Amino acid sequence: MSRKGWLLFSLVGLLWGTPYLFMKVAVEELSTPMIVFSRLLIGAALLIPLAMREGSLKQALPYWRYILLYAVLEMVIPWSLITSSQRDLSSGVVALLVATVPIWATLFAHQTGDSTAAHRIRIIGIVIGLIGISLIVGIESLSDFGNFGALAQVLIASVSYAWAVNMITRKAPGVSGLAINGIAMTISSVIFAPFAFLSRPESMPSLDVTLATLGLGILCSGMAFWIFFLVLAEIGPARASLVVYPNTAVAVILGIIILSEPITLAILIGLPLVLIGSYFASRRPSAQPIPA
């Protein structure tokens, strides 16, 4: 990988590792619809002009039905659930469970005809990852049974992420990611607008919460998506997908250093298992898949 590739890859890993910190700060004063709406609106305002400059917006419009479904699966459902879950879970645990996306993506790929998903290495990765998930959920639930619902929300969000990407890559092949995500954010912001209005804060949020919300929109939604597509062009989708690993590490470290979150048993046990499992589950081996 070139120096430019490493720089872009590292930057995306940093940007997509910070939303958990920002969400944890924002939920102290703002409702989930208000946080998600603000993030979507800012992200759309940044991505739509970039897509127009790229000339890809018109190319994406004929696929609006699939983009609408993608918006619901990639943004409306997961961003709501993940933001809401951070009222009860540490940012590190949330990031750990989101790191399981490659595992679910591999399972969906197998269902849609990817024969390499049935390879022994990928199956081993799925098993390791699922063991890690079970331990994280089990340990967190034992420490506070009320966390079980929040843990389930993050897992549903992770499955939704994986399904969304699998669907849009099949239904809208070759369409610019900038255009797809810009349109999806616009649609999602319209969906959230009435809920955000009804749950708007009675007074001006604190400076920390305002900055965290702006960070979610500008850095984690607009800039991160834009830079990620530069990474795709520079190093290809296979290596770019590995950005989930530094994301998780950044989120866990920021939670410990800035939010003073404890290094729990769930993190100590679950972190290596989930990351190792996701790595092998998302790996495309050159050998033939095992027989069904």
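Read in order, the letters of the sequence shown correspond to residues 1131 to 1422 in our numbering. Quick reminder that beta carbons are idealized off the backbone N, C-alpha and C, glycines included. Nothing here was measured: the structure is a model prediction, and the numbers come from that model.
Three-way DSSP call (helix, strand, coil) for residue i in this model
i, result
"glutamine 1216", "coil"
"leucine 1389", "coil"
"valine 1231", "helix"
"isoleucine 1420", "With a pLDDT of 45 at isoleucine 1420, under the threshold of 50, the predicted position of this residue should be treated as unreliable, though the coordinate-derived value follows. Looking at isoleucine 1420 - three-state DSSP - the assignment turns out to be coil, as it is neither helix nor strand."
"serine 1408", "helix"
"glutamate 1158", "coil"
"serine 1132", "coil"
"tryptophan 1209", "helix"
"methionine 1297", "helix"
"glycine 1147", "coil"
"threonine 1236", "helix"
"glutamate 1332", "coil"
"threonine 1394", "coil"
"leucine 1137", "helix"
"proline 1402", "helix"
Span of the alpha helix (DSSP H), counted from its first residue to its last, around residue i
i, result
"glycine 1173", "1162-1184"
"isoleucine 1317", "1307-1328"
"proline 1303", "It is not in any alpha helix (DSSP H) - proline 1303 carries neither H nor E in the DSSP assignment."
"tyrosine 1193", "First-last for tyrosine 1193: undefined, no H or E at that position."
"arginine 1242", "The sequence given here places threonine at residue 1242; arginine does not occur at that position. No alpha helix (DSSP H) contains threonine 1242, which DSSP labels as neither H nor E."
"glycine 1347", "Segment: none, glycine 1347 is in no alpha helix (DSSP H) and carries neither H nor E."
Inter-residue spacing [alpha-carbon to alpha-carbon] between residue i and residue j
i, j, result
"serine 1318", "serine 1288", "18 Å"
"alanine 1302", "glutamate 1364", "21 Å"
"valine 1231", "valine 1339", "28 Å"
"phenylalanine 1322", "leucine 1360", "29 Å"
"isoleucine 1420", "valine 1155", "Legend: pLDDT at isoleucine 1420 = 45, less than 50; position of this residue unreliable, value from coordinates given subsequently. Between isoleucine 1420 and valine 1155, the C-alpha separation is close to 47 Å."
"valine 1257", "valine 1404", "10 Å"
"glutamate 1270", "leucine 1281", "8 Å"
"valine 1374", "valine 1380", "10 Å"
"valine 1284", "leucine 1384", "19 Å"
"serine 1210", "phenylalanine 1325", "12 Å"
"leucine 1145", "phenylalanine 1358", "10 Å"
"tyrosine 1150", "methionine 1334", "22 Å"
"alanine 1225", "asparagine 1377", "8 Å"
"glycine 1307", "phenylalanine 1355", "8 Å"
"glutamine 1418", "arginine 1252", "Its pLDDT being 47, under 50, glutamine 1418 is placed unreliably by the model, and the measurement read from it follows with that caveat. Answer to the nearest angstrom: the Cα atoms are 12 Å apart."
"threonine 1213", "arginine 1169", "11 Å"
"glutamate 1159", "glycine 1243", "45 Å"
"valine 1320", "leucine 1176", "16 Å"
"tyrosine 1426", "serine 1336", "There is simply no residue 1426 to check, as the chain begins at 1131 and stops at 1422 in what is shown."
"arginine 1217", "glycine 1262", "23 Å"
"isoleucine 1207", "tryptophan 1136", "32 Å"
"leucine 1138", "leucine 1349", "14 Å"
"arginine 1250", "serine 1408", "14 Å"
"serine 1140", "threonine 1148", "13 Å"
"proline 1192", "valine 1228", "31 Å"
"lysine 1423", "valine 1142", "The chain is shown from 1131 up to 1422; residue 1423 falls before or after that span and cannot be answered."
"alanine 1396", "valine 1382", "12 Å"
"asparagine 1277", "arginine 1195", "36 Å"
Contacting residues, own chain, Cβ-Cβ under 7 Å from residue i (five flanking each side not counted)
i, result
"serine 1329", "Ser1161, Pro1163, Met1164"
"isoleucine 1310", "Ala1190, Ile1197, Tyr1200, Ile1298, Ala1302"
"alanine 1411", "Pro1232, Ile1233, Thr1236, Arg1252, Gly1255, Ile1256, Gly1259"
"serine 1215", "Val1224, Ala1280, Gln1283, Val1284"
"valine 1166", "Trp1209, Ser1210, Thr1213, Phe1322"
"isoleucine 1406", "Ile1258"
Residues near residue i in its chain [Cβ-Cβ closer than 6 Å; skip 5 each side]
i, result
"glycine 1173", "Met1315, Gly1347, Ser1351, Gly1352"
"isoleucine 1178", "Gly1312"
"leucine 1171", "Ser1319"
"isoleucine 1399", "Leu1265"
"valine 1157", "Gln1216, Arg1217"
"alanine 1181", "Leu1187, Leu1308, Ala1309, Gly1312"
Residue i CB to nearest heavy atom of the ligand FAD below 7 Å
i, result
"leucine 1180", "This structure simply doesn't include the ligand FAD, nor any ligand for that matter."
CB contact check: residue i to chain B, cutoff 8 Å
i, result
"glutamine 1241", "Here there is only one protein chain, and chain B is not present."
Exercise. Do three or more CB pairs link the region 1337-1353 to the region 1188-1204 at distances below 8 Å?
Worked result: With a cut-off of 8 Å, the region 1188-1204 and the region 1337-1353 do not count as touching, because too few Cβ pairs lie within range.
Problem set entry | Segment contact flag, the region 1228-1235 with the region 1289-1298, C-beta cutoff 8 Å, min 3 pairs | yes
Exercise. So does the region 1388-1396 actually touch the region 1213-1223, counting three or more Cβ pairs closer than 8 Å?
Worked result: yes
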